[in-house]
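Be aware that the sequence shown starts at 4, since it is given in this note's numbering, and climbs by one per residue.
The C-beta atom is built at its ideal place from N, Cα and C for all residues, glycine as well.
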Amino acid sequence: VWDPDQPINHFAPHLLLSPSSTPPAPVLTHSPQWEEVSGYDENLNTIRTYQVCNVFEPSQNNWLLTTYVDRRAAQRIYVEIRFTVRDCASIPSVLGSCKETFNLYYLETERTLSEGIKGVEYWANAPFLKVDTIAADESFSQVDFGGRLMKVNTEVRSFGPLSKGKGFHLAFQDLGACMSLLAVRVFYKKCPSVVQNFALFPETLTGAESTSLVIARGSCIANAEEVDVPIKLYCNGDGEWMVPIGSCSCKAGYEPDNGNVCRACPQGTFKSFQGVGLCQQCPLNSRSTIEAATVCGCRSGFYRGDMDKPEDVCVPSAPRNVVSVVNQTSVQLEWHPPRDIGYRDDLSYNVVCRRCHSSGRRACQPCDDGVAFVSGKQGLKDTKVEISKLRAHTSYTFEIQAVNGVSNKSPYPAQQLSINITTNQAAPSVVPIMHQVSSTSRSFSLSWPPPEQPNGIILDYEIRYFDKSLSSVQNSSVVQSKTPSVVLEGLKLGTGYVVQVRARTVAGYGGYSKEMLFQTLTDDEYKSELGQQLSLIAGSLVAGVCIVSLVAIAIILTFPTLSEGHSSPGVKIYIDPFTYEDPNEAVREFAKEIDPSCVKIEEVIGSGEFGEVYRGRLKPVGKKEILVAIKTLKVGYSERQRRDFLSEASIMGQFDQPNIIRLEGVVTKSRPTMIITEFMENGALDSFLRQNDGQFPVIQLVGMLRGIASGMRYLAEMSYVHRDLAARNILVNSNLVCKVSDFGLSRYLEEDTSDPTYTSSLGGKIPVRWTAPEAIAYRKFTSASDVWSYGIVTWEVMSFGERPYWDMSNQDVINAIEQDFRLPAPMDCPVVLHQLMLDCWQKDRNARPKFPDIVSMLDKMIRNPASLKAGTNNVAPGPPHHALLDRAGPDLSSVSSVEDWLAALKMTQYRDSFLGSGFTSLPLVTQMTAE
């Protein structure tokens, strides 16, 4: 039986027919040992069978061949065989060659083999492919008196894929069994035509394998449109539909009926949107005169606003008769609502502010953005408003407009009332922010910018501060300063203090700034900082003396030929975009705005913290098209999320170095907001290494590490601290160039981060496995903490993306590091590279190498590959960095006065100069400038 929908169980006459054909006479070709006989099935129905029983003769090879079968494009064929086999043990005097099995074969061909072909010889030599040797689950040993064959077996086999011809022959080979073929059913499987999710899927044949999934593309039914694309179903090997992807839904003006039909909305109803909703009755004062209406038109004399929804009622013209009540002693405005508001409940008010000069109304200009409306200035529901942050001694005009959703439809303009006021002298505005200049164990120095609106001459500043642990303003101390800076002294060591500042003019004090937390150093930190600063100053002084001497000698020696001098440009320093009052200003300064028409989004390649990440193409005007990565800001973002998202562009735009990801530009003037960077074909370094485990030689890995170190050296020179250096934040391009990326710092501000990589510590999120201990414990992020992270990255690279500290918890990692545990060398890692890691993981951050030192070490390794043999350290990358520090100068850890310090430097002759210039204590010495 060829069609699975119309099974026919008789074997010979119908084996080769389609359901609509007329059955011919049996035409199976067979060797003489096979006989066609009449018999009975297990239900005593008369049937025709083929049987063979040459068990008394050796070397049997008896074939039964079907005629040609058209496979109808099916790739996998199923054969169901019903048969009986006699037990060899029940046949007396049988030869040892008796079988209880037979073989099933098939042969793909373009036409029938039976024409002009006779004899067993061809079948024995034809290129048949064996499907299986078929054995009976049950055999019989005798026939009952009714002639019924007992113990019928049913076996199903399949074969494929079929691709070499339009059809096939089946062949049954007997090698010496006593058996009967009762019925053979030949069929293929298919998934039927179906309508699902308002999409029509055609009848689909199953695949070549029983496990294959065949994709069927769907098309929307009449009056339906796509919702998600592509629209497809998968047909599995059993002819069942599964895994629906995409869908359609009824168009606007049509509603679903029985799940598979989209019916037009009748007159008097409408449906304004695509989807599963039903048609609705027309709103009040509107009607629809056609079927499939998407909106009901307003009746004559009624209106619906441009911003109104189709389901909103139509109402009369806009409200009118706006009046006002103004308190002349303050900048507060009040008014009465209109008399007639129709059927609408969306009446609202807009307040327009203008600042005017004495020359008249024409000299009025829109108010500054700094003017604050307590409850807003657009869409007000209340009939009063309070305005603040106006300029002192300035005239203003305010217009109060009464509007609703159909105001633009009315022949009358929006009703409004104007009022003029003049402000009096005002106190200064709030100081926006404070900065910590320096810190000791008992004091710290602060500075701040003046208020944005001083409203007069600033007379002085009042600074209020208190111990954070007391958590009370009542316990605060207050000091005054004539300048926008102060040194707070007499503080507790290692303690956090909450500080606020406010400015004073003749009009009085302004408001206090927001509370900010600053911390004094512990004794250990102070000694470390002081020693480091004194060492640097000492080195600078000694070097200065040497340089002055050398320059003097050089001038004397070269004076006759000296004609001109050259000055070196200054070092570029990174500017934190969060120091800008308006973050958009930082974006405009450091990032290029790109026309969105030049950007083509191609496919999603990932998901970022703020939205999807795409691969796309950028075609600037007059330039070559390039591949780019596009980060987008998700819909429904807050202003803070937009600021944090664009801050990464403000940071990235300041960098220009081959091993730092390059910013192409931003799109901020249209939606979606985008950050566009160069495209890195191989993605993140950690996953790239895991995918290519063991594929790169050590020298190539060192080259990757050298590129990362070069990028970090550049960031350190710009005074930028990355804070999140890890292999996941290193991107790799098609040339295996590694570039530092991920400059967004917002994750440290978000407390709801679900990523287990980042653990909360002191009010922020920290990637514990990559972070230096002082950064975890004290939030002390420096280039030295980045060096610690670089050591972890080196371990990740040499282990081909292994997770640092394996499956240890973050707290276990912190405890292990505190107990001086360090990661062991990865397999086949050269000793010099593991030693570099250990140097990066020194507990004392001052003992770690600097990034220029690391680049130099790696360059030496690359030039001398013999040093990179696993298990050897015959050529070290150079003397340990701490040895160089030891030779940089005398031990300054025990000095307690300026005199002691100068004596340790053998510079006591400068004692009077230092004291005469005001450098009377070591903390003051640390504040010396180059001048």
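If we call anything under 8 Å between Cβ atoms a contact, is residue i one with residue j?
i      : j      : result
Phe746 : Met655 : yes
His173 : Tyr191 : A small correction: the amino acid at residue 173 is Leu; His does not occupy that position in the sequence shown. No; because the gap between Cβ atoms is not below 8 Å, this pair is not in contact.
Ser488 : Ala589 : no
Tyr464 : Ala510 : no
Ala594 : Val670 : no
Glu684 : Val631 : no
Arg782 : Phe682 : no
Gly804 : Asp903 : no
Lys742 : Ile664 : yes
Ser398 : Val388 : no
Met677 : Val602 : yes
Arg825 : Trp809 : no
Gly240 : Gly210 : yes
Lys380 : Val354 : yes
Ile461 : Thr508 : yes
Val898 : Ala907 : yes
Val155 : Glu38  : no
Met182 : Val88  : yes
Ser351 : Val406 : yes
Ala712 : Tyr793 : yes
Val374 : Cys356 : yes
Name the DSSP beta bridge partners of residue i, please?
i      : result
Gln199 : Ala202
Glu402 : Val355, Ser421
Leu491 : Phe447
Ser143 : Checking the sequence shown, residue 143 turns out to be Phe, not Ser. BP columns for Phe143 point to Arg89.
Arg220 : Lys235
Asp135 : Leu107
Ile678 : Lys634, Val669
Tyr583 : BP columns for Tyr583 are empty, so no partner.
Met182 : Val55, Val88
Cys253 : Ala227
What separation, rounded to the nearest whole angstrom, lies between the Cα atoms of residue i and residue j?
i      : j      : result
Thr875 : Pro833 : No answer about Thr875 holds up, because its pLDDT of 43 lies below 50 and its placement is not dependable.
Val800 : Gln483 : 55 Å
Ser303 : Ser275 : 21 Å
Val58  : Gly179 : 5 Å
Leu132 : Leu110 : 6 Å
Val790 : Glu615 : 31 Å
Gly459 : Ile817 : 54 Å
Ser480 : Leu524 : 20 Å
Glu606 : Lys634 : 12 Å
Ile820 : Pro776 : 8 Å
Tyr108 : Asp135 : 7 Å
Pro22  : Thr52  : Because the pLDDT of Pro22 is 28, which lies under 50, any placement of that residue in the model is unreliable, and the number read from its coordinates should be weighed accordingly. Looking at the two C-alpha atoms, the distance is approximately 21 Å.
Arg674 : Lys485 : 48 Å
Phe922 : Lys768 : 41 Å
Ile779 : Val197 : 60 Å
Met840 : Pro868 : 18 Å
Thr797 : Leu708 : 7 Å
Find the nearest neighbour of residue i within the set the options, judged by alpha-carbon distance.
i      : options                        : result
Val82  : Tyr53, Val189, Phe613          : Val189
Gln439 : Ser432, Arg394, Thr400, Ser450 : Ser450
Gln270 : Ser610, Ser289, Lys517, Thr785 : Ser289
Glu720 : Asp856, Asn64, Arg914          : Asp856
Ile422 : Ile84, Val334, Asp349          : Val334
Leu734 : Phe691, Arg357, Cys56          : Phe691
Ile218 : Asn263, Trp244, Val197         : Trp244
Leu165 : Glu113, Asp585, Phe521         : Glu113
Pro35  : Leu67, Pro453, Cys285, Pro247  : Leu67
Glu612 : Arg620, Pro599, Ile578, Asp647 : Asp647
Ala395 : Pro369, Phe376, Ile424         : Ile424
Does the ligand MN have a heavy atom nearer than 7 Å to the CB of residue i?
i      : result
Glu113 : Within the structure as shown, the ligand MN is missing, as the structure has no ligands at all.
Kindly say whether residue i, judged by its beta-carbon, lies nearer than 8 Å to any beta-carbon of chain D.
i      : result
Val624 : Structure shown: chain D not included; a single protein chain is present.
Touching or not, the stretch 100-108 and the stretch 185-201, by the rule of three or more beta carbon pairs under 8 Å?
-> Judged by Cβ distances under 8 Å, the stretch 100-108 makes no contact with the stretch 185-201, as fewer than three pairs qualify.
Between the stretch 442-454 and the stretch 490-497, are three or more C-beta pairs nearer than 8 Å?
-> Segments in contact, yes.
Validate contact between the stretch 627-645 and the stretch 695-710 using beta carbons, cut 8 Å, 3 pairs | Contact between the stretch 627-645 and the stretch 695-710 is absent, because fewer than three Cβ pairs lie under 8 Å.
Touch check for the stretch 153-161 and the stretch 214-228: three-plus C-beta pairs under 8 Å?
-> The stretch 214-228 and the stretch 153-161 do not touch, with fewer than three beta-carbon pairs separated by less than 8 Å.
Do the stretch 234-244 and the stretch 266-281 touch if we need at least three Cβ pairs shorter than 8 Å?
-> Not touching, per the Cβ criterion.
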